[in-house]
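Asker: Below is one structure. I have some questions about it.
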Amino acid sequence: MSFATASPTILARGLSKAYRSGSREVPVLRGVDFVAAPGELVAIVGPSGSGKSTLLHILGTLDAADDGEVVLAGQPVAQLRGEALAAFRNKMIGFIFQFHQLLPDFTALENVMMPGRIAGREPRELAREAAALLASVGLADRQEHFPNQLSGGECQRVALCRALVLKPPILLADEPTGNLDPASGETVFRLFLDLQTQHATTAVLVTHNPELARRCARLFVLENGVLRAENTRSETFGTQPPPSSRTASSDGPA
Ligand code: ADP
Ligand code: MG
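Take this note's numbering: the final residue in the sequence shown is number 768, and no numbers are missing along the way.
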């Protein structure tokens, strides 16, 4: 399978969205098209209020567009409702938000396990996988900590593990380093890249940090309701090859 011919994991066509405030209608998205191939990493930047979160929520089935369609792994999401949509989202999409949104009364391990518990996974096997993920982001000794016993960067690493525990084909991240100091942000971003590559996850990263955005294979700018492509270092890096061809690499994550 080559990336050039693979059918897209994320396909969005003609997305429009406006918010009504009183009698006024504020257009946010005005006909956005977006395609991401399997395993691809795409960044979206844009000024505050330009609609990045709105777009990410629509791609992630958390919100619906007024017009246009979203097709994820071949499934038109408009055909799904209620529990079927929730189950599809849980299985297909991992989310990471600016604020980690961990559940405060659950430990790091329990938070990572949560999507699997919801999906009805066998708890012991799930716990092993969650623990391995936490170890892979350097948190082996923090499993039993509660969110208020962890730093912001550690919480985001837990949130990253939670997003990936069901090995979803899609990872959507909304300013995941926006609330972190530069050093923690860099750690979280590197882990995000490592895990995205290792799992061959199709990922969309919304960020206001142009330096991070340029390190993604493709970059889009959302402005005035329109999404346009920008050049990045993709000429040098290209789309990440699938992990099967990288397993012998010595620089991969341990
Ligand atoms: P970004 O993530 O790029 O900062 P958002 O998608 O959060 O932008 O918001 C885009 C615009 O839509 C902003 O002007 C915001 O005020 C407005 N907006 C977002 N959510 C709502 C809502 N639920 N109701 C009304 N307006 C909203
Ligand atoms: Mg936002």
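In this text, a Cβ means the ideal position worked out from N, Cα and C, and glycines have one as well. Keep in mind it's a predicted model, so treat the numbers as computed, not measured.
1. DSSP three-state call for Q615: helix, strand or coil?
2. Consult DSSP for D547 and reduce its assignment to one of helix, strand or coil.
3. Kindly indicate which residue of I684, S698, K681 has the alpha-carbon position closest to the one of P690.
4. Using CA coordinates, which residue listed in M606, A579, N723 is at the minimum distance from D547?
5. Would you say the beta carbon of S665 is closer than 8 Å to some non-hydrogen atom of the ligand ADP?
6. Would you decide whether V672 is buried or exposed? Buried here means 16 or more other CB atoms lie within 10 Å of its CB.
7. When you compare only the Cα positions, how much space is there between A733 and R595?
8. Considering only DSSP beta bridges, list what V556 is partnered with.
9. According to the neighbour-count rule (16 or more other Cβ atoms, all chains shown, within 10 Å of its Cβ), is D695 buried or exposed?
10. In this structure, how does DSSP classify L685 when only helix, strand and coil are distinguished?
11. How far does the beta strand (DSSP E) with L790 in it reach, from first residue to last?
12. Just tell me which of E725, V591, T575, V542 has its CA closest to the CA of K566.
13. Considering E744, what are the terminal residues of the beta strand (DSSP E) in which it resides?
14. When the Cβ atoms of the region 682 to 689 are set against those of the region 720 to 735, are three or more pairs found closer than 8 Å?
15. On the three-state DSSP scale, how would you describe R631?
16. Examine the Cβ distances between the region 569 to 583 and the region 528 to 535 and report whether three or more of them are shorter than 8 Å.
17. On the DSSP bridge assignment, give the partners of A649 in chain order.
18. What is the residue span of the alpha helix (DSSP H) that F706 lies within?
19. Can you look up S562 in the DSSP assignment and give me helix, strand or coil?
20. Using the Cα positions of Q712 and E554, report the straight-line distance between them to the nearest angstrom.
Answerer: With the structure as the only source:
1. For Q615, the three-state secondary structure derived from DSSP is coil.
2. If DSSP states are grouped into helix, strand and coil, D547 belongs with the strands.
3. The residue with the shortest Cα to Cα distance from P690 is S698.
4. Among M606, A579, N723, the Cα nearest to that of D547 belongs to A579.
5. Not one heavy atom of the ligand ADP sits closer than 8 Å to the Cβ of S665.
6. Buried: at least 16 other Cβ atoms inside 10 Å.
7. Looking at the sequence provided, one finds Leu at residue 733 rather than Ala. Straight-line Cα distance between these residues: approximately 31 Å.
8. Beta-bridge pairing links V556 to V718, R732.
9. With fewer than 16 neighbouring CB atoms inside 10 Å of its own CB, D695 falls in the exposed class.
10. Three-state result, L685: strand.
11. What the structure shows of the chain is the stretch from 515 to 768, and residue 790 is not part of that stretch, so it cannot be assessed.
12. Taking each of E725, V591, T575, V542 in turn and checking the Cα distance to K566, the smallest one comes out for V542.
13. Per DSSP, E744 belongs to the beta strand (DSSP E) from 740 to 744.
14. In short, these stretches touch, since the Cβ pair count reaches three.
15. Looking at R631 - three-state DSSP - the assignment turns out to be helix.
16. With the cut-off at 8 Å, the region 569 to 583 and the region 528 to 535 touch.
17. A649 pairs with nothing; no bridge assigned.
18. That run of the alpha helix (DSSP H) goes 696 to 712.
19. It is coil, neither helix nor strand.
20. Rounded to the nearest angstrom, the two C-alpha atoms are 12 Å apart.
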